[in-house]
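Chain order of the listed sequences is A and B.
Those letters in the first sequence? Residues 1 to 213, by our numbering.
Those letters in the second sequence? Residues 214 to 463, by our numbering.
Beta carbons: idealized from backbone N, C-alpha and C, even for Gly.
Have a look at the structure below before the remarks.
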Amino acid sequence: MEVLTVLVPYILRGLSVTLEVTGVALGFGLIFGAILAILRVYGGNLLSRILTLYTNILRALPHILLLLIIYFLIARIINLSAFWAGSLSLAIISSAYQAEIIRGAILSVPQGQMMAARSIGLTRIQAIWHVIIPQAFRHAIPPWSNEAAIVIKDSSLVYVLGVPEILRQAQYYSARTYQPFVAYITVAVIYFLLTFMTNRGLDALERRIRIPI
Amino acid sequence: MPRSSKEIVKIQDVHKAYGKEDVLKGISMEVTEGEVVILVGPSGTGKSTLLRCINQLTVPDSGHVWVNGIELTDPSTDIDKARQHIGMVFQDFNLFNHLSALDNVMLGLTQVLKMDVEKAREKAMHELDRVGLCNKFMNYPGQLSGGQKQRVAIARSLAMEPIVMLFDEPTSALDPELIGEVLVVMKDLALGGMTMICVTHEIGFARDVSTRIVFMEHGDIVEEGSPKKMLNHPDLQRTKQFLGKIRELH
């Protein structure tokens, strides 16, 4: 069983890279996305328009193309490793989608919540933090789990930059052994398990923080 | 009822338009300490807008508003600080959906007044007790009836020790059976000397506890006076017609 002893450890070496790329892309994407969303909802007309343009451009282009553009743009300005350049590119792309998710979640909180919060003397920022965000967060989980699954899969794109994540590892393996089928099936199983477990985890979180009725 | 002549709310020539539509066409009004003023009038005549112009949730286009001697329409006024002491109760309650009844009442105490948690909890329980709901303190808004929600909302405002309470159709979204429990709380407040401005069509409440009824239409005050006068022999035919309609319904 050469498959188990050689292939699996070989591909699993890429797993930590896949997880790190995904983590960076989702994490930074969440931070950027949340800031973008809050500024779009509460930041006034002009700012909102500029940011809308930004998210519209990012969402209109293929991810692989953006990855290459951003990578070569960043690499020209600062000296970043392929790992960081690729991960941050994915974070920027994801931020556009996450901004839309979070913006929708914020807008789904009834307006009266903000009014009531202001009426007892909370500042705008306090109201956003204590009243709007906790409710928006709950609304955002289901669409966000969708985005998480997409980013897990998109992490494979950094392979074009030579980052040794699981797909890249599988490609090396198949080139060396002429066994593409087992290699790619193994990677497919890993992606399936990652997205499946992530969605299960987020479902559990959603249930856990559900508001009792 | 102890009555002083201390002016709590003063509104001077307040205008507000939404787009082309003039909602308030220069309203002036004064409310002194302990007064219970009822605003009535057809829907869309600016009653709710006027209430919201008092605590600046809606900013008037022009005119001035003072509460407790502080001009809220002055841009240099710290409006968040001023709002702490102006209670507001909404038609659709607007309880914070993600917080229990207790936490709804506590939020302003801990975040705005910076009370420590133990003290805030004690105070919040006291306010819930005042509206007869201390046994529901753990319930979330989704677990309360409409009447209970509105009472929690009143407790949330009272906890901030307001100098004036604004009620924006507090019973309009309630099943008829649940209106009574909210009116009882409001009556208690009125009899306790709270200064109140209420948009409501609860004419029984107006007759029993109000000191003044103000009839508004098309963004103007048409007529105002004591409940006795307004309900029995108002000066204007239009007032008589409108209040007569409401009395038939209630």
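Can you list the residues of chain A that residue i reaches, using a CB-CB cut of under 9 Å?
i       : result
Y353(B) : I211, P212 and I213
S256(B) : By Cβ distance, chain A contributes nothing, its closest Cβ being about 18 Å from S256(B), past 9 Å.
D293(B) : R118, G121, L122, T123, R124 and Q126
S370(B) : S119 and I120
List the residues of chain A that residue i touches, going by C-beta distances under 7 Å, in chain order.
i       : result
V325(B) : I120, G121 and L122
M373(B) : I120 and G121
Q356(B) : P212 and I213
To the nearest whole angstrom, what separates the beta carbons of residue i and residue j, a pair I think is in contact under 8 Å?
i       : j       : result
L122(A) : V249(B) : So it is not a contact: roughly 27 Å between Cβ atoms.
V253(B) : F428(B) : 6 Å
V160(A) : I64(A)  : 7 Å
L315(B) : F350(B) : 4 Å
I267(B) : I224(B) : 7 Å
R425(B) : G438(B) : 7 Å
R40(A)  : L51(A)  : 5 Å
Q113(A) : I132(A) : 7 Å
V6(A)   : G86(A)  : About 27 Å; that fails the 8 Å criterion.
T286(B) : G300(B) : Going by Cβ atoms, the distance from T286(B) to G300(B) rounds to 19 Å, so no, they are not a contact pair.
D235(B) : G432(B) : 5 Å
E436(B) : L449(B) : 5 Å
Going straight from the alpha carbon of residue i to that of residue j, what length do you get?
i       : j       : result
R118(A) : I459(B) : 33 Å
Y10(A)  : L88(A)  : 26 Å
M214(B) : L36(A)  : With a pLDDT of 46 at M214(B), under the threshold of 50, the predicted position of this residue should be treated as unreliable, and no value is reported.
E331(B) : H339(B) : 12 Å
L202(A) : P142(A) : 8 Å
H139(A) : A91(A)  : 22 Å
S218(B) : T245(B) : 6 Å
E390(B) : H414(B) : 16 Å
G393(B) : E284(B) : 36 Å
Q363(B) : L312(B) : 15 Å
G470(B) : G259(B) : Because chain B is modelled from 214 through 463, residue 470(B) falls outside the range shown and cannot be assessed.
A386(B) : S289(B) : 37 Å
V189(A) : V8(A)   : 11 Å
S108(A) : L194(A) : 30 Å
T116(A) : I128(A) : Per the sequence shown, residue 116(A) should be read as Ala rather than Thr. If you take the alpha carbons of A116(A) and I128(A), they lie about 12 Å apart.
A82(A)  : G162(A) : 7 Å
Y191(A) : K327(B) : 48 Å
G239(B) : G282(B) : 20 Å
V24(A)  : P212(A) : 33 Å
V278(B) : G29(A)  : 45 Å
P62(A)  : R296(B) : 49 Å
P180(A) : I57(A)  : 36 Å
E374(B) : H298(B) : 6 Å
R176(A) : S16(A)  : 22 Å
Q269(B) : A403(B) : 23 Å
H233(B) : V280(B) : The amino acid occupying residue 233(B) in the given sequence is Lys; His does not appear at that position. Distance between the alpha carbons of K233(B) and V280(B): 29 Å.
M197(A) : L205(A) : 12 Å
G359(B) : L19(A)  : 48 Å
G247(B) : I376(B) : 9 Å
For residue i, list the residues DSSP reports as bridge partners.
i       : result
H277(B) : Q225(B)
I283(B) : V280(B)
I299(B) : V377(B)
M242(B) : I224(B)
Y191(A) : Answer by DSSP bridge pairing: none, since Y191(A) is not bridged.
E437(B) : V427(B)
E390(B) : According to DSSP, E390(B) bridges with nothing at all.
Y231(B) : E234(B)
M252(B) : According to the sequence shown, residue 252(B) is Leu rather than Met. Per DSSP, V412(B) and V427(B).
Strictly below 7 Å CB to CB, what residues from chain B border residue i?
i       : result
P134(A) : H311
Q126(A) : Q324
H130(A) : L320 and Q324
G112(A) : F303, D305 and N307
Just checking: is the beta-carbon of residue i within a distance shorter than 8 Å of some beta-carbon in chain C?
i       : result
D305(B) : Any reference to chain C falls outside this structure, whose protein chains are A and B.
For residue i, return the contacting residues in chain A, with the cut-off set at a CB-CB distance below 8 Å.
i       : result
L270(B) : M115, R118 and S119
Q297(B) : I120 and G121
M407(B) : In chain order: nothing, as chain A lies at least about 16 Å away.
Any 3 or more C-beta pairs closer than 8 Å across the segment 254–273 of chain B and the segment 223–238 of chain B:
yes
Are the segment 177–193 of chain A and the segment 340–348 of chain B touching, with three or more C-beta to C-beta distances below 8 Å?
no
Do the segment 355–373 of chain B and the segment 308–323 of chain B meet, that is, are 3 or more Cβ pairs less than 8 Å apart?
The segment 355–373 of chain B makes contact with the segment 308–323 of chain B; the number of CB pairs closer than 8 Å reaches 3 or more.
For the segment 89–109 of chain A and the segment 142–154 of chain A, state whether three or more C-beta atom pairs, one from each stretch, are separated by less than 8 Å.
yes
Indicate whether the contact test is met: 3 or more Cβ pairs, each with one atom in the segment 100–120 of chain A and one in the segment 20–39 of chain A, closer than 8 Å.
yes
Does the segment 67–79 of chain A come within contact of the segment 167–174 of chain A, defined as at least 3 CB pairs closer than 8 Å?
no
With three or more beta-carbon pairs closer than 8 Å as the criterion, would you say the segment 292–304 of chain B touches the segment 373–384 of chain B?
yes
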